[in-house]
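A.B. asks: Line order of the protein sequences matches chains A and B. The opening position of the first sequence corresponds to residue 136 in the numbering used here, with each subsequent residue numbered one higher. The opening position of the second sequence corresponds to residue 5 in the numbering used here, with each subsequent residue numbered one higher.
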Amino acid sequence: MGETPYAIEMLGITKRFSGITANDDITLQLKKGEIHALLGENGAGKSTLMSILFGLYQPDEGIIKKDGKEVKVIDPNAADRLGIGMVHQHFQLVECFTVLENIVLGVETTKHGFLQQKEARKKIMELSDRYGLMIDPDARISDITVGMQQRTEILKMLYRDSDVLIFDEPTAVLTPQEIEELIKILKNLAAEGKSILFISHKLNEIMEVADRCSVIRRGKYIGTVDIDATTPEELSRMMCGHDVKLSVDKEPAKTGEVILEVAGLSVHGKKKGKEKVRNVSFNVRAGEIVCIAGIDGNGQTELVYGLTGLTPVSGGKISLCGEDITHASVRKRSEKMSHIPEDRHKHGLVLDYSLEYNMVLQRYFEPQFVSGAGFLKKKVIREYAERLINTYDVRSGEGAQTTVRSMSGGNQQKAIIAREIDRGPKLLVAVQPTRGLDVGAIENIHKQLVAERDRGTAVLLVSLELEEVMNLSDRILVMYEGEIVGEFDPKKTDNEELGMYMSGAKRNTVEADR
Amino acid sequence: MKDNKSMLKNEGFQSVFAALICIIAGLLVGYIVLAIINPAEATEAMLDIIRNFANYPRTSAKMKYLGNTLVKVAPLLMCALSVNFCYKTGLFNIGAAGQYVVGAAASLYGALAWHMPWYVCILMAMAAGIIWGALVGLLKAYGNVNEVISGIMLNWIALYLTNMLLGTVSEAATPYTTQIKSVNTDALIPDLGLRSLFINRYVTLAIPFSVIIAVAVWVVLTKTKFGYELCATGFNRNAAKYSGMNEKRNVIMSLMIGGALAAVGASFLYLSGYEQWQTTQSAVPAMGFNGIAATFLGGLNPIGTIFASYFIQHITSGGAYLDTNIYPSQIADLITAIIIYLCGFVLFFKHLMNTKRASKGGNN
Ligand SMILES: Nc1ncnc2c1ncn2[C@@H]1O[C@H](COP(=O)(O)OP(=O)(O)OP(=O)(O)O)[C@@H](O)[C@H]1O
Ligand SMILES: [Mg+2]
Numbered sequence: 136m137g138e139t140p141y142a143i144e145m146l147g148i149t150k151r152f153s154g155i156t157a158n159d160d161i162t163l164q165l166k167k168g169e170i171h172a173l174l175g176e177n178g179a180g181k182s183t184l185m186s187i188l189f190g191l192y193q194p195d196e197g198i199i200k201k202d203g204k205e206v207k208v209i210d211p212n213a214a215d216r217l218g219i220g221m222v223h224q225h226f227q228l229v230e231c232f233t234v235l236e237n238i239v240l241g242v243e244t245t246k247h248g249f250l251q252q253k254e255a256r257k258k259i260m261e262l263s264d265r266y267g268l269m270i271d272p273d274a275r276i277s278d279i280t281v282g283m284q285q286r287t288e289i290l291k292m293l294y295r296d297s298d299v300l301i302f303d304e305p306t307a308v309l310t311p312q313e314i315e316e317l318i319k320i321l322k323n324l325a326a327e328g329k330s331i332l333f334i335s336h337k338l339n340e341i342m343e344v345a346d347r348c349s350v351i352r353r354g355k356y357i358g359t360v361d362i363d364a365t366t367p368e369e370l371s372r373m374m375c376g377h378d379v380k381l382s383v384d385k386e387p388a389k390t391g392e393v394i395l396e397v398a399g400l401s402v403h404g405k406k407k408g409k410e411k412v413r414n415v416s417f418n419v420r421a422g423e424i425v426c427i428a429g430i431d432g433n434g435q436t437e438l439v440y441g442l443t444g445l446t447p448v449s450g451g452k453i454s455l456c457g458e459d460i461t462h463a464s465v466r467k468r469s470e471k472m473s474h475i476p477e478d479r480h481k482h483g484l485v486l487d488y489s490l491e492y493n494m495v496l497q498r499y500f501e502p503q504f505v506s507g508a509g510f511l512k513k514k515v516i517r518e519y520a521e522r523l524i525n526t527y528d529v530r531s532g533e534g535a536q537t538t539v540r541s542m543s544g545g546n547q548q549k550a551i552i553a554r555e556i557d558r559g560p561k562l563l564v565a566v567q568p569t570r571g572l573d574v575g576a577i578e579n580i581h582k583q584l585v586a587e588r589d590r591g592t593a594v595l596l597v598s599l600e601l602e603e604v605m606n607l608s609d610r611i612l613v614m615y616e617g618e619i620v621g622e623f624d625p626k627k628t629d630n631e632e633l634g635m636y637m638s639g640a641k642r643n644t645v646e647a648d649r
Numbered sequence: 005m006k007d008n009k010s011m012l013k014n015e016g017f018q019s020v021f022a023a024l025i026c027i028i029a030g031l032l033v034g035y036i037v038l039a040i041i042n043p044a045e046a047t048e049a050m051l052d053i054i055r056n057f058a059n060y061p062r063t064s065a066k067m068k069y070l071g072n073t074l075v076k077v078a079p080l081l082m083c084a085l086s087v088n089f090c091y092k093t094g095l096f097n098i099g100a101a102g103q104y105v106v107g108a109a110a111s112l113y114g115a116l117a118w119h120m121p122w123y124v125c126i127l128m129a130m131a132a133g134i135i136w137g138a139l140v141g142l143l144k145a146y147g148n149v150n151e152v153i154s155g156i157m158l159n160w161i162a163l164y165l166t167n168m169l170l171g172t173v174s175e176a177a178t179p180y181t182t183q184i185k186s187v188n189t190d191a192l193i194p195d196l197g198l199r200s201l202f203i204n205r206y207v208t209l210a211i212p213f214s215v216i217i218a219v220a221v222w223v224v225l226t227k228t229k230f231g232y233e234l235c236a237t238g239f240n241r242n243a244a245k246y247s248g249m250n251e252k253r254n255v256i257m258s259l260m261i262g263g264a265l266a267a268v269g270a271s272f273l274y275l276s277g278y279e280q281w282q283t284t285q286s287a288v289p290a291m292g293f294n295g296i297a298a299t300f301l302g303g304l305n306p307i308g309t310i311f312a313s314y315f316i317q318h319i320t321s322g323g324a325y326l327d328t329n330i331y332p333s334q335i336a337d338l339i340t341a342i343i344i345y346l347c348g349f350v351l352f353f354k355h356l357m358n359t360k361r362a363s364k365g366g367n368n
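Spelled out as structure tokens, the structure:
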């Protein structure tokens, strides 16, 4: 019996959930030392397939082979023992623990019952340096950015010496620079003999990093192609079943009156005393998309928290449609402001509520949804939710009644976008709105954002992705270390120039109004 | 096959199933303890407990003692509802025990010192419970004091304040409060014929009231805007904040209502005349704590809680039928405590079932 070239084989995998067949007879073969991309629309069943490999779900049909031998991955511990590691789409970190504690969690070395963190720390710092993950081992998870949380997850897996590494949309939250870094890491790891499964919706990344790519659509296996022998267009055609246009058509903006006016705004971070946003002034007019660009962790999150009322501001003034809302309640602000939050699980959704309940999260109190006596009008809510689900193509197992927790990441995001856009706001604050969406959905959302703009909405877009920034915005503001260091016209600038400002190599002072 | 699967996934079915497992486990462990002490009599002893009022041959006696059980189901159910309500807002209202105590204080004081009619006494209990719950809520919302800590401390404060207050209306020769029927019969909750039906003068409207309140709590939690907000706050405080709900107010409101429920529960018991308050007692009455077990056994559902409360009280009362010649009388308490304790494990069993289902997923 010759040695098989495959590290992992998943043969004929079928997995049914109530109302949906998430995986329908899927076959996936991962060669040793290769980077294998997995591509598919939102809800196609990628995460489910990977969860099966990682032992979180048991397949209804089909078998898994590791190094040619059939194995049963009964739970994540078994996966661990088999050398299979996974970075999940949504992080699995303990919020109140430090980075170091999270990494060693479950595999702590102890001596006489006491934690031995010295060696662990050494190993972690080595790994962190080697792969340029820039981890602060003593920071608490609840205090660090989404980007750093992601890097903690990656380290967690590296720390366990796994040889099959599953990455479920690892780049969705990283900055372009960080993605470059990660791609280098992935290539290194593969060169060292690790076999990597990599889920991404970004075709250019797949083209750059992967050796082969398997495509699934609506739970069914479509095919596997060699990256050298394919094009992004072919991949997106395989994935969606039709051609997808990757750039956005838009007319020049017809700007109206000033909707949002921010003057000298300062916001504290989580730790008191340190200002994360310093003396920021800008405005957004009706009918334009203003984009805040910058590397993750430069105060964008806090700026949005300040604008939307999630944290109190420490100085300055915010006006919305001429009204001072600096200290207004969240509810007051949301009359005219919609907010697509950065962290959909933390803020955007009540995961244990049904989809229909989540669809009215921002307007359940309106007379159309609640009777004078305080009873919810469930029928109206159902109809409203169903309309949004159809209009915005939100896919789930059981329609309006699906528990949001069981929905795929991309569809959760689509639900939030549907809810926020449909409220017809004057100002739309969208933070990373297309995070985790497939190319077809991104095209859709971009069109909708532009349509919102053309309807006369002021759109404030916070994005880490330069391509999105360049594609969508009418004006670009670059944020660096809590300040706005430059303002640009997307037609008159390029990635390089923006990159210089984003990394702090250059800065201008920007006047409050142009 | 398909049906079986969806049934196992059904939330309600799971709750009932987990509750049954807990009950069986509790009875089994209780049985084992009895068997260790005296193997020969264990089976009969266990049956005595389970039979409770059915130990009596005559129907009239059965009704009477069923009545005695029901009298105590009402306050237990109210405490359970209190815990349930707060739990939906993400709060563990261990302070229900203390809210129950202040409810007893206010209703008895109203009845004995101020000679108020029963409905005023109930309202006084409600007011006291609201204040006691609000204290926990305010500390939580504005001081970020954990509701379990402040709840436990307030339980003790409530107990000693109540002992002091009710000491002024106790019988001359005993530490017990004066019997309501001897000074103010208006303070006894009316019965509308229930007394003669059960041949038991403690059976009052309090019992149907508590069931109606349970249904009302269920309606509020599942059908109203207020319930929507409370549950959203309980599931995800950050999302509640994001959507502009006033989470601080929700926390306080929830504890105030929880306090009212537990306190009214106490008035349901004491205004039936079934018990007098012992002003020298040095332990917080178990009612509030048993309410926690009843809530969990009831699957955190107000309707389920009705049945769970009945079951727990049934076993507690049944403990009295243990033959004290064979078993020391503390054993009855021990056995019922074990059973109640295991009832609290419902969530654990449910969780176990879910993980089992996830890993076996679809094989059945
Ligand atoms: N635990 C679950 N219970 C019920 N349905 C589920 C569950 N997990 C996933 N699903 C459903 O299975 C389908 C596939 O979901 P999955 O998360 O695998 O998609 P995905 O390909 O990872 O999508 P995305 O790109 O949006 O992350 C979805 O329709 C989802 O609603
Ligand atoms: Mg996914």
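Positions of the beta carbon are idealized from the N, C-alpha and C atoms, including for glycine.
#1: If you run the structure through DSSP and keep just helix, strand and coil, what is A117 (chain B)?
#2: Determine which residues of the region 235–259 of chain B have a Cβ less than 7 Å from any Cβ of chain A, and write them out in chain order.
#3: Mapping DSSP to helix, strand and coil, what is V425 (chain A)?
#4: Could you tell me which chain B residues have their CB closer than 9 Å to the CB of K481 (chain A), listed as they occur along the chain?
#5: Along the chain, where does the beta strand (DSSP E) that runs through E243 (chain A) open and close?
#6: Assuming T592 (chain A) and K561 (chain A) make a contact with CB atoms under 8 Å, what is their CB distance in whole Å?
#7: Count Cβ pairs between the region 104–122 of chain B and the region 174–194 of chain B that sit closer than 8 Å; are there 3 or more?
#8: Could you compute how far the alpha carbon of K364 (chain B) sits from the alpha carbon of E196 (chain A)?
#9: With a threshold of 8 Å between beta-carbons, can Y123 (chain B) be considered close to chain A, or not?
#10: According to DSSP, is L85 (chain B) part of a helix, a strand, or is it coil?
#11: If you drop the 5 nearest sequence neighbours on each side, which residues of the same chain put their C-beta closer than 6 Å to that of G231 (chain B)?
#12: As a quick exercise: from B:A46, B:E15, B:I27 and B:T228, pick the residue whose alpha carbon is nearest that of L326 (chain B).
#13: May I ask you to verify whether the region 203–223 of chain B touches the region 250–259 of chain B, counting CB pairs closer than 8 Å and requiring at least 3?
#14: Report the neighbours of P476 (chain A) on chain B: residues whose CB is nearer than 7 Å to its CB, in chain order.
#15: Leaving out five residues before and five after N367 (chain B) in sequence, what residues of the same chain have Cβ atoms less than 6 Å from its Cβ?
#16: Would you list the one or two residues that DSSP bridges to T390 (chain A)?
#17: Does any heavy atom of ligand 2 sit closer than 7 Å to the C-beta of D303 (chain A)?
#18: Using a Cβ-based criterion (distance less than 7 Å to any ligand heavy atom), does D573 (chain A) qualify as near ligand 1?
#19: Please report whether the beta-carbon of N368 (chain B) lies at a distance below 8 Å from any beta-carbon of chain A.
#20: How many angstroms separate the CA atom of V173 (chain B) from the CA atom of T208 (chain B)?
#21: Just mark F249 (chain A) as buried or exposed, buried being the case when its beta carbon has 16 or more other beta carbons within 10 Å.
#22: With a CB to CB cut of under 6 Å and the five nearest residues on each side skipped, what residues in its chain are close to Y636 (chain A)?
#23: So which of A:I314, A:C456, A:I198 and A:A157 has the shortest CA-CA distance to Q164 (chain A)?
#24: Among A:R295, A:Q548 and A:R265, which one has its Cα closest to the Cα of Q567 (chain A)?
#25: Assess, as a yes-or-no matter, whether the region 445–457 of chain A is touched by the region 387–399 of chain A under the definition of 3 or more beta carbon pairs within less than 8 Å.
#26: Tell me which same chain residues have a C-beta within less than 7 Å of the C-beta of V515 (chain A), skipping the five on either side of it?
#27: Could you tell me the alpha carbon to alpha carbon distance between V299 (chain A) and S186 (chain A), rounded to whole angstroms?
#28: So, is the C-beta of M5 (chain B) closer than 8 Å to a C-beta in chain A?
#29: By DSSP, does K185 (chain B) sit in helix, in strand, or in coil?
#30: Should D648 (chain A) be labelled buried (16 or more other beta-carbon atoms within 10 Å of its own) or exposed?
#31: When burial is assigned at 16 or more other CB atoms within 10 Å of the CB, is D363 (chain A) buried or exposed?
#32: Consult DSSP for Q567 (chain A) and reduce its assignment to one of helix, strand or coil.
#33: Using alpha carbons as the reference points, say which of B:S286, B:Q282 and B:S313 lies closest to A297 (chain B).
#34: Compute every distance between the C-beta of K150 (chain A) and the non-hydrogen atoms of ligand 2, then say whether any falls below 7 Å.
#35: For the beta strand (DSSP E) holding F333 (chain A), just list the boundary residues, first then last.
#36: Is the distance from the Cβ of V229 (chain A) to the Cβ of M292 (chain A) below 8 Å?
C.D. replies: In short, the structure shows the following:
#1: For the purposes of this step, residue 117 (chain B) is taken as residue 113 along the second sequence, with counting starting at 1. It is coil, neither helix nor strand.
#2: A236, F239, N240, N242, A243, K245, Y246, S247 and G248
#3: By 1-based counting over the first sequence, the position of residue 425 (chain A) is 290. Correct three-state label for V425 (chain A): strand.
#4: Working through the first sequence from its first residue, we reach residue 481 (chain A) at position 346. In chain order: N240, N242, A243 and Y246.
#5: Position 108 of the first sequence, counted from the start, is the residue given in the question as residue 243 (chain A). Taken as a continuous stretch (DSSP letters only), E243 (chain A) belongs to no beta strand (DSSP E), as it is neither H nor E.
#6: Within the first sequence, the letter at position 457 stands for residue 592 (chain A). Within the first sequence, the letter at position 426 stands for residue 561 (chain A). The C-beta distance from T592 (chain A) to K561 (chain A) rounds to 7 Å, short enough to fall under 8 Å.
#7: yes
#8: Here residue 364 (chain B) refers to the residue found at position 360 of the second sequence. Here residue 196 (chain A) refers to the residue found at position 61 of the first sequence. For K364 (chain B), the predicted structure reports a pLDDT of 35, less than 50, and the residue's modelled location is therefore unreliable. A value from the coordinates is still provided. Spanning the two alpha carbons is a distance of roughly 12 Å.
#9: Reading the second sequence from its first residue, position 119 is the one you call residue 123 (chain B). Y123 (chain B) does not count as touching chain A.
#10: The residue you call residue 85 (chain B) lines up with position 81 of the second sequence. Looking at L85 (chain B) - three-state DSSP - the assignment turns out to be helix.
#11: Position 227 of the second sequence, counted from the start, is the residue given in the question as residue 231 (chain B). Apart from the 5 residues on each side of it in sequence, G231 (chain B) sits with its Cβ closer than 6 Å to the Cβ of V224 and L225 in its chain, given in chain order.
#12: If you number the second sequence from 1, residue 326 (chain B) lands on position 322. Considering only alpha carbons, the answer is B:A46.
#13: no
#14: By one-based count along the first sequence, residue 476 (chain A) stands at place 341. Going along chain B in sequence order, the residues near P476 (chain A) (Cβ under 7 Å) are Y246.
#15: Residue numbering aside, residue 367 (chain B) sits at position 363 when the second sequence is read from its first letter. Residue confidence for N367 (chain B) is low, a pLDDT of 29 falling below 50, so the modelled location carries little weight; the figure read from the coordinates is stated next. The answer is none, since no qualifying residue turns up.
#16: To locate residue 390 (chain A), count along the first sequence from 1; it is residue 255. When beta bridges are read from the DSSP output, T390 (chain A) appears opposite no residue.
#17: Here residue 303 (chain A) corresponds to residue number 168 of the first sequence, with the count starting at 1. The answer is yes for D303 (chain A).
#18: Walking along the first sequence from the start, residue 573 (chain A) turns up at place 438. Yes.
#19: Here the question's residue 368 (chain B) lines up with position 364 in the second sequence. With a pLDDT of 26 at N368 (chain B), under the threshold of 50, the modelled position of that residue is not reliable, and the figure given next carries that caveat. False, the Cβ-Cβ gap to chain A never drops below 8 Å.
#20: Along the second sequence, read from residue 1 onward, the residue named residue 173 (chain B) stands at position 169. Along the second sequence, read from residue 1 onward, the residue named residue 208 (chain B) stands at position 204. Cα to Cα, V173 (chain B) sits roughly 23 Å from T208 (chain B).
#21: The sequence position of residue 249 (chain A) within the first sequence is 114, counting from 1. The residue in question, F249 (chain A), is exposed, as its Cβ has fewer than 16 Cβ neighbours within 10 Å.
#22: Indexing the first sequence from 1 puts residue 636 (chain A) at position 501. In chain order, V613, V620 and G621 place their CB closer than 6 Å to the CB of Y636 (chain A), counting only its own chain and leaving out the 5 sequence neighbours on each side.
#23: Within the first sequence, residue 164 (chain A) is the residue found at index 29, counting from 1. Nearest option by C-alpha distance: A:I198.
#24: Taking the first residue of the first sequence as position 1, residue 567 (chain A) is located at position 432. With distances taken between Cα atoms, Q567 (chain A) lies closest to A:Q548.
#25: yes
#26: For the purposes of this step, residue 515 (chain A) is taken as residue 380 along the first sequence, with counting starting at 1. Within the same chain, V515 (chain A) has close Cβ partners Q503 and F504.
#27: Residue mapping note: residue 299 (chain A) aligns to position 164 of the first sequence, counting from 1. Residue mapping note: residue 186 (chain A) aligns to position 51 of the first sequence, counting from 1. If I take the Cα positions, the gap works out to 13 Å.
#28: Stepping through the second sequence from its first residue, residue 5 (chain B) is reached at position 1. Residue placement at M5 (chain B) cannot be trusted, given a pLDDT of 33 that sits under 50; the coordinates are not used to answer.
#29: Counted from its first residue, the second sequence places residue 185 (chain B) at position 181. Here K185 (chain B) sits in helix by DSSP.
#30: Position 513 of the first sequence, counting from 1, holds the residue named residue 648 (chain A). Here D648 (chain A) scores only 41 on pLDDT, less than 50, and its place in the model should not be relied on; the value that follows carries that caveat. The residue in question, D648 (chain A), is exposed, as its Cβ has fewer than 16 Cβ neighbours within 10 Å.
#31: Counting from one through the first sequence, the residue named residue 363 (chain A) turns up at place 228. When all chains shown are included, D363 (chain A) counts as exposed.
#32: To locate residue 567 (chain A), count along the first sequence from 1; it is residue 432. In this structure, Q567 (chain A) counts as coil in the three-state DSSP scheme.
#33: Taking the second sequence and counting its residues from 1, one reaches residue 297 (chain B) at position 293. The residue from B:S286, B:Q282 and B:S313 with its alpha-carbon nearest to that of A297 (chain B) is B:S313.
#34: Position 15 of the first sequence, counting from 1, holds the residue named residue 150 (chain A). Not under cutoff, so the answer is no.
#35: If you number the first sequence from 1, residue 333 (chain A) lands on position 198. If you look at F333 (chain A), you'll find it in the beta strand (DSSP E) that goes S330 to I334.
#36: As a working note, residue 229 (chain A) is residue 94 in the first sequence. As a working note, residue 292 (chain A) is residue 157 in the first sequence. Going by C-beta atoms, V229 (chain A) is not nearer than 8 Å to M292 (chain A).
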